[in-house]
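Below is one structure; the comments refer to it alone.
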Amino acid sequence: MDKIDFIQNVSTSFKVKYNNNPAIISTAPGRINLIGEHTDYNNGLAMPIAINRWVTSCLSKSQGSSFSVFSINYGKTVDINPDVSPDTDDQWVKLVSSIIFILSDEYEISTGADIAVEGNIPIGCGLSSSAAFIASISLGILELFDIEISKKKLADLSQKIEKSALGIDCGLLDYYSTIYSKKNCAMIIDFKFDKLDFVAIPKDEFSIIVINSLVYRELANSEYLERVKQCRDGLKVIKRKYDISDFRDLDVKMLDSLKQDKILYNRLKHFIDENQRVRDMQLKLVDDYIAAGKILRTSHDSLKVLYEVSCEEIDYIIDASESFHGWRGGRIIGGGFGGCSIHFVDISMIAEYQHHINNCFRKKYNYELDIFEIKYSSGISIDYRFNNG
Ligand code: GLA
């Protein structure tokens, strides 16, 4: 479905539910991360691309002070009062409450609102569905109350909201991707210097295929936090010998300090190499997609062996792709331990590849993968604003 049709559907659901037209519509995209995985929380480099999957929010002001939030995906409505914490296990309700608490705390929000929200980004699979959900609703509320903030502030607020709702202390990759992306471009983020660059993605030779393994790992959050800690521990040890202040000052020879601790060594080796892969990708993407695909393949090995965030099913998908001649490389993306992988495939071979990989996978694991070709999208947008002037 294209973006306009998607937005139209959400708007229709809003009208049916609230018997009113929305005053604001805001949309935030999901993302893939081309390269630069598990680098953001260490001030590294990453290279995300916004994709044609979105979360759209429709909003209008209401009488009273509470917020009625209708999740079209879950077919449920919750009423949230900015002064009362909800007693819930539903993640989406936790997120939405946290958005309303934090925004009401920081800004002058004079009344309640009616909100309908829907997403078509697979949830919890490494495509940044939570960041798009948070950013879309937050921007919608801010616009509804005529509160202007910078994109940077919106990213920082979104990070704070997710942390307070779910306790996940992640980096800024997902928020930057959904907020700053430009259509048909990969964005190069330097988290240390808060610097963004854009590279146009060539269109004629290869496509990017996403494969959702449908593997969900309960442990993903705690494992994620453990990786964050291991990197910090490794840096601490190195600092005893070398006079450096930050992860970005690391080079491979300094890892000699970690010879006694193979795990910390491996984690930081991945970080150093992965940043270099972002630099290499920036050059290769433009005119050598075969070399760019090889960078993905090397990154997958590093995430599997050094960072240990892959899983058996996705390793199998990568291995089974290797023998397919139009496949140029691929890797697991996002936090890991399941979820999605991305693949560079020759444009002329897309259908055959999907068929090949699904057949191999079904034989081994006895279920169907969710496979789709992505189109590129732009970052967050206000798609409609009622003008009563
Ligand atoms: C998750 C986090 C991001 C980033 C990636 C790994 O998606 O939300 O901040 O750390 O994992 O690159």
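If you read the sequence shown in numbering that gives the first Met the number 0, its first letter stands for residue 0, the second for the next number, and so on. By construction, the Cβ of each residue, glycine as well, lies at the ideal position given by its N, Cα and C atoms. These figures come from a predicted structure and were not determined experimentally.
- Secondary structure within the stretch 75-126: the beta strand (DSSP E) runs of 3 or more consecutive residues, fully enclosed, are 75-79, 112-118 (chain order).
- Judged by DSSP secondary structure, Ala49 falls outside any alpha helix (DSSP H) and instead within the beta strand (DSSP E) spanning 44-60.
- Under the three-state reduction of DSSP, Arg239 is assigned to helix.
- In this structure the stretch 308-325 lies against the stretch 336-353, because at least three pairs of beta carbons, one per stretch, are closer than 8 Å.
- Chain-ordered, the residues whose CB falls short of 5 Å from any heavy atom of ligand 1 come out as Glu36, His37, Asp39, Cys169, Gly170, Leu172, Asp173, Gly333, Gly334.
- Excluding its 5 nearest sequence neighbours in each direction, Ser103 has C-beta neighbours in its own chain below 6 Å: Pro81, listed in chain order.
- The stretch 28-40 makes contact with the stretch 174-181: 3 or more CB pairs, one atom from each, lie closer than 8 Å.
- Gln158 counts as buried, since no fewer than 16 other beta carbons sit within 10 angstroms of its beta carbon.
- Within the same chain, and ignoring the five residues on either side of Ile3 in sequence, no residue has its Cβ closer than 7 Å to its Cβ.
- In this structure, Ile133 is the residue among Ile133, Asn265, Leu284 with its C-alpha nearest to the C-alpha of Ile101.
- Counting of Cβ neighbours within 10 angstroms places Leu138 among the buried residues, the total reaching 16 or more.
- Here the alpha carbon of Gly118 sits roughly 43 Å from the alpha carbon of Leu254.
- Contact between the stretch 196-216 and the stretch 368-388 is present: three or more C-beta pairs spanning the two stretches fall below 8 Å.
- Put simply, of Arg266, Lys202, Tyr73 the residue whose alpha carbon is nearest the alpha carbon of Glu225 is Arg266.
- Contact between the stretch 138-147 and the stretch 55-73 is present: 3 or more CB-CB pairs across the two stretches fall below 8 Å.
- Excluding the 5 residues flanking it on each side, Ser65 has same chain C-beta neighbours closer than 8 Å at Asp78, Ile79, Asn80, Pro81, Gly111, in chain order.
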